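Asker: Below is a structure I'd like to ask you about.
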Amino acid sequence: MLTTRIVLAQRPHGEPTSQDLPLESAQLPDPTPGQALLETLYLSLDPYMRGRMSDAKSYAAPVEIGQTMVGGTVSRVLQCPGYEFALGDIVLGYGGWQTHSVEQVSGLRHLDLEAAPVSTALGVLGMPGFTAYSGLLTIGKPQPGETVVVAAATGPVGSAVGQIARLKGARAVGIAGGPEKVAILQDLGFDAGIDRRSDDFRARLAEATPDGIDVYFENVGGAVFDAVLPRLNSFARMPVCGLVSDYNTTSLPKGPDRLGLLMRQILSKSLAVRGFIQTEFVEAQFADFQRDMSGWIADGSVGYLEDVVDGLDQAVEAFRGLLRGDNVGKLLIRVSG
Numbered sequence: 000m001l002t003t004r005i006v007l008a009q010r011p012h013g014e015p016t017s018q019d020l021p022l023e024s025a026q027l028p029d030p031t032p033g034q035a036l037l038e039t040l041y042l043s044l045d046p047y048m049r050g051r052m053s054d055a056k057s058y059a060a061p062v063e064i065g066q067t068m069v070g071g072t073v074s075r076v077l078q079c080p081g082y083e084f085a086l087g088d089i090v091l092g093y094g095g096w097q098t099h100s101v102e103q104v105s106g107l108r109h110l111d112l113e114a115a116p117v118s119t120a121l122g123v124l125g126m127p128g129f130t131a132y133s134g135l136l137t138i139g140k141p142q143p144g145e146t147v148v149v150a151a152a153t154g155p156v157g158s159a160v161g162q163i164a165r166l167k168g169a170r171a172v173g174i175a176g177g178p179e180k181v182a183i184l185q186d187l188g189f190d191a192g193i194d195r196r197s198d199d200f201r202a203r204l205a206e207a208t209p210d211g212i213d214v215y216f217e218n219v220g221g222a223v224f225d226a227v228l229p230r231l232n233s234f235a236r237m238p239v240c241g242l243v244s245d246y247n248t249t250s251l252p253k254g255p256d257r258l259g260l261l262m263r264q265i266l267s268k269s270l271a272v273r274g275f276i277q278t279e280f281v282e283a284q285f286a287d288f289q290r291d292m293s294g295w296i297a298d299g300s301v302g303y304l305e306d307v308v309d310g311l312d313q314a315v316e317a318f319r320g321l322l323r324g325d326n327v328g329k330l331l332i333r334v335s336g
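Here it is as structure tokens:
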């Protein structure tokens, strides 16, 4: 079986390009017992992938030069010598940026076609939804009447954060890029939406948070964080999920060192700032997440958005757009029908 795949040919400097991530064909090995040959239906594109293209020390090993780019996938079973799955079964796996893959069956999860659209296993019912659920409830701990602010609020993580905060009785304020995204936040039930690109962003943030900010779910960093920091209340909690504004930077920012300012705020306001990776909560919380999120979707308490791009050959450009904030909702590549 031949697969068409996108490999990491060289480590990007700044924005990734098609030269960094070329498309090629490769021969797959025949699956052996305990493995399955899969046809990729959907590929998930996520900001963390930019870090995997770098060889800088991080929480996960980098993709090696010449390897297929990693990524979560929803796939159809074509062969399974050990018969752990039936031909045609739809499974969640980690096949990466390619049309076909051979994976260990131990790493696959069967998807129920009647329960929800299979694409949601890569979004609201998958890693992004669980990231929102675990980070907000474990670290943010929103209380009734508190104000929760989330950056990148129309993305798959941010949109879930705001809606879960509302379910817990908190006010949800979303920060997004552009008036169209702000309008989407209203449709999702946020109490307020703010355009980070507006000239009076700081004034609008202050207006939307008259009693300050009790929980800030950080996805972006940069200028958004600069505006949020002075609004944080004493004992505010800040789950740090991502810093996408910095992922393509090639040098340190210019200007004065503001670390002292940040540390004084943390000290004087008794702020709780914690970075996290969702995998640390999987064993204890994933079953609860699946139960709760499935119920919230079924009863209409949580809505979700998907941004589907057709064709593996569009993955690099779509990923570049993701890092710019072009997508609305969960970004997926539809690899095959």
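Numbered continuously in numbering that gives the first Met the number 0, the sequence shown closes out at residue 336. No residue lacks a Cβ here, since even glycine has one placed at the ideal position from N, Cα and C. Here the structure is a predicted model, which is why all the values come from computation and not from measurement.
Roughly how many angstroms separate the alpha carbons of G71 and V308, rounded to a whole number?
Answerer: As a position in the sequence shown, residue 71 is number 72, starting the count at 1. As a position in the sequence shown, residue 308 is number 309, starting the count at 1. So the alpha carbons of these two residues sit roughly 15 Å apart.
Asker: Taking the alpha-carbon of A222 as reference, which of P209, R196 and A60 has the nearest alpha-carbon?
Answerer: In the sequence shown, counting from the first residue as 1, residue 222 sits at position 223. It is R196 whose Cα lies nearest to the Cα of A222.
Asker: Under a three-way DSSP split, which group does A150 fall into?
Answerer: Position 151 of the sequence shown, counting from 1, holds the residue named residue 150. Three-state result, A150: coil.
Asker: What separation, rounded to the nearest whole angstrom, lies between the Cα atoms of I265 and R236?
Answerer: Walking along the sequence shown from the start, residue 265 turns up at place 266. Walking along the sequence shown from the start, residue 236 turns up at place 237. Cα to Cα, the separation comes out at about 10 Å.
Asker: Just reading off the alpha helix (DSSP H) that T130 is part of, what are its end residues?
Answerer: If you number the sequence shown from 1, residue 130 lands on position 131. Start and end: M126 to S133.
Asker: So is F234 buried or exposed if we call it buried at 16+ other beta carbons inside 10 Å?
Answerer: Within the sequence shown, numbered from 1, the residue matching residue 234 stands at position 235. Per the 10 Å Cβ criterion, exposed.
Asker: If you reduce the DSSP assignment to three classes, tell me which class S267 lands in.
Answerer: Here residue 267 refers to the residue found at position 268 when the sequence shown is read from its first residue. Note: S267 maps to helix in three-state DSSP.
Asker: Tell me the rounded alpha-carbon separation between G144 and E113.
Answerer: Taking the sequence shown and counting its residues from 1, the one referred to as residue 144 is at position 145. Taking the sequence shown and counting its residues from 1, the one referred to as residue 113 is at position 114. Between G144 and E113, the C-alpha separation is close to 37 Å.
Asker: Using a 10 Å radius around the Cβ and a threshold of 16 neighbouring Cβ atoms, would you call M292 buried or exposed?
Answerer: Here residue 292 refers to the residue found at position 293 of the sequence shown. Per the 10 Å Cβ criterion, buried.
Asker: Across the stretch 145-158 and the stretch 323-335, are there enough close Cβ pairs to call them in contact, namely three or more that are closer than 8 Å?
Answerer: The stretch 145-158 is in contact with the stretch 323-335.
Asker: Classify R203: buried if its beta carbon has 16 or more other beta carbons within 10 angstroms, exposed otherwise.
Answerer: Position 204 of the sequence shown, counted from the first residue, corresponds to residue 203. Result: buried.
Asker: Determine the direct distance from the alpha carbon of L22 to that of R201, and round the result to whole angstroms.
Answerer: Position 202 of the sequence shown holds residue 201. Position 23 of the sequence shown holds residue 22. Whole-angstrom Cα-Cα distance: 43 Å.
Asker: Do the CB positions of V73 and A35 come within less than 8 Å of each other?
Answerer: Position 74 of the sequence shown holds residue 73. Position 36 of the sequence shown holds residue 35. Pairing V73 with A35 gives a Cβ-Cβ distance that is not under 8 Å.
Asker: Determine the DSSP secondary structure at G324, reduced to helix, strand or coil.
Answerer: Stepping through the sequence shown from its first residue, residue 324 is reached at position 325. If DSSP states are grouped into helix, strand and coil, G324 belongs with coil.
Asker: Helix, strand or coil: which one does DSSP assign to G274?
Answerer: To locate residue 274, count along the sequence shown from 1; it is residue 275. It is a strand residue.
Asker: Suppose you measure from the CA of K180 to the CA of D199; what does that come to, to the nearest Å?
Answerer: Position 181 of the sequence shown holds residue 180. Position 200 of the sequence shown holds residue 199. Whole-angstrom Cα-Cα distance: 17 Å.
Asker: What is the DSSP secondary structure of Q142, counted as helix, strand or coil?
Answerer: Position 143 of the sequence shown, counted from the start, is the residue given in the question as residue 142. Coil.
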